[in-house]
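Student: Numbering (this note's numbering), first residue to last: 278 to 432.
C-beta: ideal position from N, C-alpha, C; glycine also.
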């Protein structure tokens, strides 16, 4: 009996649209970007339209889904991002701004090997093609992901 009711429920296109929308809305919590949410809203709008017009053709359902998704994305995304406090601005503490700055070697570096440096109160993984001794002052030449490429300062 329960399985019959469940299969009857899943044969209703409005329920299917609603469940797809629910999955999309929940997945927004796991995928950053605040975009999937609006496709979930589009699914719910299509589901709501099917409640009023149950025999609506699939192509009309898809048009309603796409139009409502795109409209909600363009009309609501920026306002929602401001309300939540999400910013598109690049972080001012970009690692690229560290190039040319000095830091202190925390470990010995053999040529071509990795070590640790201290910079702005934090320990960073670093790599050098030169020999560096613990306590030497080094300069950041480039940034590879979150690893500094450093060279000793010629004195």
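Do residue 305 and residue 313 have their C-beta atoms within less than 8 Å of each other?
Tutor: Contact flag set, yes.
Student: CA-CA distance, residue 376 and residue 388?
Tutor: Between residue 376 and residue 388, the C-alpha separation is close to 20 Å.
Student: Can you give me the start and stop residues for the alpha helix (DSSP H) that residue 319 sits inside?
Tutor: From DSSP, the alpha helix (DSSP H) with residue 319 extends over 313 to 329.
Student: Three or more beta-carbon pairs under 8 Å between the segment 346 to 361 and the segment 388 to 401, yes or no?
Tutor: No, the segment 346 to 361 does not touch the segment 388 to 401.
Student: Can you grab the Cα-Cα spacing for the pair residue 333 / residue 341, in whole Å?
Tutor: Taking the straight line from one Cα to the other gives about 11 Å.
Student: Hey, how far is the Cα of residue 308 from the Cα of residue 405?
Tutor: Those two C-alpha atoms are separated by around 36 Å.
Student: Using the three-state DSSP reduction, which class does residue 308 fall into: helix, strand or coil?
Tutor: Residue state, collapsed to three classes: coil.
Student: What residue range does the alpha helix (DSSP H) around residue 351 cover?
Tutor: From DSSP, the alpha helix (DSSP H) with residue 351 extends over 335 to 361.
Student: Under 8 Å, do residue 418 and residue 426 count as touching if we go by C-beta distance?
Tutor: Yes, Cβ-Cβ distance for residue 418 and residue 426 is below 8 Å.
Student: Given a cut-off of 8 Å, decide if residue 327 and residue 290 are closer than it, judged by their beta-carbon atoms.
Tutor: Their beta carbons are under 8 Å apart, which means residue 290 touches residue 327 by this criterion.
Student: Hey, would you say residue 414 sits closer than 8 Å to residue 373, going by beta carbons?
Tutor: Not a contact, by the Cβ cut-off of 8 Å.
Student: Between the Cα of residue 450 and those of 381, 392, 385 and 390, spot the shortest distance and give me the residue it belongs to.
Tutor: Residue numbering for the chain in the displayed model covers 278 to 432; residue 450 lies beyond these limits and cannot be assessed.
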